[in-house]
Amino acid sequence: MSGALGGFLGLVGMSAVVGILVTAAVAPAVALSGMAATNTINVFDSLPEYLSIDRLSQKSNIYASTNSEDPVGTRVLLASFYEQNRVDVPSDAISQFAKDAAIAGEDPRFMEHGGVDIQSSFNGAVQTLAGGETRGGSSITQQYVKNVLIQKCAVMTDADEAKTCYADATKTTADRKLREMRLAIGLEKKYEKGDILRGYLNIAGYGGTVYGIEAAANYYFNTTALALTLPQAASLVAIVNNPVKFQLDRPDSETNGAANGYADNKFRRDYILKEMLKYDKIAQADYDAAIATPIEPVITVPSTGCQTAGDNAFFCDYVTKILKNDVTFGATEEERLANFSQGGFNVYTTLDLDLQATAVAALNANVPKTYNDWNIGGVVSSVQVGTGNVLVMTQNKDYSQDPDVQATGANYTSINYNTDFAYGGSGGFQPGSTYKVFTLAEWLKEGHALTERVDSRRKSNWGVFQDSCLGPQNYDNDTPPFNPRNDGGSSESNPNYTALQSTIGSINTGFIGMAKKLDLCGIRKTAENFGVHPANGSDLGQNAASVLGTNTIAPLTMAVAFAGIANNGMTCSAVAISKIIGSDGTELPIPKSNCIQSVEPAVAAGMQYAMEGVMTSGTARASNGATSPRVPMIGKTGTTDGAKDTWMSGASTKVATVVGVVNVGGTNWKSQRSYNANLFGKSAATARHRIWPIVMSAANSKFGGDAFPEASSNVINAVAVPVPDVRGKSMSEAKTTLEAAGFLFVDGGVTSSEMPAGTVANTDPAGGAASTRGATVTAFSSDGTGVVIPAVIGKTEADARTTLSAAPYGFSVAKLEQTVTDKAQDGKVVAIQPGEGTATRPGDAVTIVIGKYTAPAADTKPKE
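All residue numbers for the sequence shown refer to the numbering used here, where the first residue is -1 and numbers rise by one.
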């Protein structure tokens, strides 16, 4: 230094450094004796010596498997996540070359000092004063302390706190150095040298986001910390000295790039090798060979983020959303995110890679990623029955979270069409008629049978629907009118479908007729019991139209519900994580599937019976027929208005699968039934029936399938009840009586009858006859002109003719003869057609049957 001022400042600076050095020199003795030597030592001794070494920030991995029974043993890495790419390894997993290189290059007296190397500290102080800035001198233990303090800052979730913490841990001041020394001495009293060295190598930064010797070996040389060669180990330890200057992943660098043989790193590497030779860590031959070895990094970038998971990226994204949303992993979103990105977890998932690959191939072969101006979507979700394990999750898009990448084409998206909005999904899609199964469930819950009939005539005046939550609902005055029919122009020709016919044929008016006899709120609650909810987190709609599938629901939600039906009414919520192992090998808590009895098994058996009919003879027979091997399966199809979206949902007793071809954005969608909606030369409307069988064939081959339980007779067959006798009642009174008894009233028009005009002349079936509840009863009104054929049986022919031809009858009488063996019937009327008491019109023709006696033949058999 020059000048009086410089000399004065130098004196002051040297005094402070000398104070630190004296303190550092006597501190070990002070710590052992408990005695204070000077005031300076008292100040030093009052500093805390305890430093908690928390869990290091490590990368977390997400795995899938080909074996759901052994997700760990057959694991395949999908993606890794980290803020610091680190794998914490034990000492015996680190090459001795790396340990020796660290000691020789950074702290040759590491094994002798008590945490602070006085000689190195003094040299560092002199250099600091000479150069005007703080320089080296820190022992490995001191460097470890500094890195631990920095690591504590790195895991802070508050950005301002983290920034302040980092500044305190790295500031170039004497008091920071003093505190660091004190903590280093305390650390040496608590830990063995080997543990400190291992901790140092695991915590140190090796450039960019690479931390720890294992990750550095993986990244720079595609090897492990244990397998590092001597020159590789020296090169990695060289990086620790100045990560920005010496890192090996910038081949274009002018000072440390491929063209000059990574000159900066080589200079530091060779210095370390020289020091290793100097301190007898290596032999001369080893040194010579290492010095001659060129630096040739093999940069191996670890998978980071779900974009590296390829066809499994959307499932990977779903798993990360679970880790961020579920309170099992932390009280707040920030805590959960930090735990995952810094926790060093191995997350083993439920995804079945065999089944997933099959679904991906089937989807790619039938639904393109883009289609002109139609933003078409294809989705497949499969869930294991009884566990809720998500086995398949794929869609016809490429995954990217980068807006710039997404802007390059409609094939890119970050939206997972299979899941709820809160888990990376969209707002959901209308499931169409696949939603009808919940009305079927409510129908059976309320004691109705599959063969019970309902009013299924097309009309726009359905009248009042019962709703125990919102009160009675009437849609007759809606604009446009509520006049449901099946999409595609098919007519509901039967005015009186059974619930079974409506399910097998997916008859809209049949299900509206069923809903008319139920509680709309009850239907909604039954759907909720199966875990059904809108994808956007709102409440399910419960109007009459919702019976036909107008709520917007995620495909995964419907797969869970269908798995619940197949599981005898026991619905298990979706789970995607089967196991999580922490960085210390401990198995951590995970979200469990929540299973509830959505409907009683007897009701589920009735649903299964009807839904098996859908597969064998109904709207899903195309999917059933193309599945091999074929096991018992249930299913339901769905088509939204205009064939905008089409669905095939179904299950065996082992696996439930939902396939959808949907519009995922924009107004330029096409009806999937239109001539120009062909996908790869085949109808878009039937793509679901090409994809679903492929996925379920693979599922059936791998998981098998059992017979569904037999449905009870009272669930299938409607109870026969007598038709009320309403003859003589007004037509309105007859309608009220018949409907109250559970029958569908139909006005059959006017007929000739002796009953007063306008009253019921007769019904079909007739009063007193047995018929199933819900069946049609046709009532005919009297025109008041009819007469009843009088009683003439037993009368003579003459008397009968006189009676029948007289007023008010005026019948035209014809005669037939019939042989009789009772002489009393000779010449008498033995029958009349139409029969006595039958209503008919005056002047109609009647036929009387006259008995003609014939004596019995004589018995000629000899008597005994």
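All residues carry an ideal CB built from backbone N, CA and C; glycine is no exception.
Quick one: grab the DSSP three-state call for residue i.
i      : result
Ser233 : helix
Ala91  : helix
Trp879 : Residue 879 lies beyond the residue range present for the chain, which begins at -1 and ends at 862; the question has no answer from this structure.
Lys700 : helix
Ala257 : helix
Gly756 : coil
Gly375 : strand
Pro366 : coil
Ala25  : Summary for Ala25: the model assigns pLDDT 44, below 50, so the residue's position carries little reliability; its value from the coordinates is reported in the next sentence. Ala25: helix per DSSP, three-state reduction.
Pro295 : coil
Phe743 : strand
Met646 : strand
Ser681 : strand
Ile689 : helix
Lys514 : helix
Pro599 : helix
Phe480 : coil
Gln831 : strand
Ala99  : helix
Should residue i be labelled buried (16 or more other beta-carbon atoms within 10 Å of its own) or exposed?
i      : result
Gln149 : buried
Leu9   : Reliability fails at Leu9, whose pLDDT of 38 lies under 50, so the model's placement of it is uncertain and the value that follows must be treated cautiously. Looking at its Cβ environment, which holds fewer than 16 other Cβ atoms inside 10 Å, Leu9 is exposed.
Met109 : exposed
Pro482 : buried
Ile297 : exposed
Ser31  : Confidence in Ser31 is poor, its pLDDT being 36 and thus under 50, which makes the residue's placement too unreliable to answer from.
Ala822 : exposed
Pro292 : exposed
Leu554 : buried
Cys467 : exposed
Lys161 : exposed
Lys826 : buried
Lys279 : buried
Ile848 : buried
Ile689 : buried
Phe678 : exposed
For residue i, tell me which candidate among the options has the shortest Cα-Cα distance.
i      : options                        : result
Leu226 : Ala288, Gly407, Arg84          : Ala288
Thr783 : Val828, Ala837, Ala767, Val435 : Ala837
Asn549 : Val629, Asp639, Thr569, Lys514 : Asp639
Val299 : Tyr80, Tyr807, Asn310          : Tyr80
Thr644 : Ala654, Val573, Phe463, Lys668 : Lys668
Lys443 : Asn712, Gln399, Ser466, Pro249 : Asn712
Ala231 : Asn216, Ala739, Lys243         : Asn216
Ala777 : Ala764, Ser769, Arg771, Ala768 : Ala764
Thr222 : Val325, Ser93, Gly103, Cys304  : Ser93
Thr617 : Lys634, Thr625, Pro630         : Lys634
Val818 : Ala853, Thr801, Val844         : Ala853
Leu389 : Pro401, Phe419, Leu351, Asn409 : Leu351
Ser542 : Pro229, Ser591, Pro479         : At residue 542 the sequence reads Ala, which differs from the Ser that was named. Considering only alpha carbons, the answer is Pro479.
Thr749 : Ala675, Met729, Glu737, Phe741 : Met729
Tyr277 : Ala100, Lys264, Gly740, Ser544 : Ala100
Ser63  : Gln56, Gly664, Thr72, Ala552   : Thr72
Gly192 : Asn387, Ala96, Thr302          : Ala96
Cβ of residue i less than 9 angstroms from any chain D Cβ?
i      : result
Thr794 : Protein chain content of the structure displayed is limited to a single chain, and chain D is not contained in it.
State the beta-bridge partners of residue i as determined by DSSP.
i      : result
Asn344 : Asn59, Ile579
Gly849 : Gln816
Tyr607 : In the DSSP output, where bridge partners are listed per residue, Tyr607 has none listed.
Ala843 : Ser810
Regarding residue i and the ligand ATP, is the C-beta to nearest heavy atom distance less than 8 angstroms?
i      : result
Gly205 : Of the ligands one can find in the structure shown there are none, so the ligand ATP has no counterpart to examine.
Q. Are at least three pairs of beta-carbons, each pair with one atom in the region 639 to 652 and one in the region 380 to 391, less than 8 angstroms apart?
A. yes
(Q) When you compare the region 521 to 531 with the region 498 to 509, are there three or more beta-carbon pairs, one atom per stretch, that lie closer than 8 angstroms? (A) no
Q.
Does the region 602 to 612 come into contact with the region 434 to 451, if we say contact requires no fewer than three beta-carbon pairs (one atom in each stretch) closer than 8 angstroms?
A. yes
Q | the region 509 to 528 contacting the region 422 to 438, beta-carbon criterion three pairs below 8 angstroms | A | yes
Q) Below 8 angstroms, can you find three or more Cβ-Cβ pairs linking the region 313 to 326 to the region 414 to 422? A) yes
Q: Pair every Cβ in the region 420 to 436 with every Cβ in the region 543 to 558, then say whether three or more of these pairs are closer than 8 angstroms.
A: yes
Q: Say whether the region 368 to 381 touches the region 389 to 407, bearing in mind that this needs 3 or more beta-carbon pairs closer than 8 angstroms, one atom from each stretch.
A: yes
Q: Determine contact between the region 330 to 350 and the region 566 to 574, defined as no fewer than three beta-carbon pairs at a distance below 8 angstroms.
A: yes
Q: Count the C-beta pairs between the region 139 to 146 and the region 184 to 203 that are closer than 8 angstroms, then say yes if the count reaches three, no if not.
A: yes
Q | Any 3 or more C-beta pairs closer than 8 angstroms across the region 757 to 773 and the region 720 to 731 | A | yes
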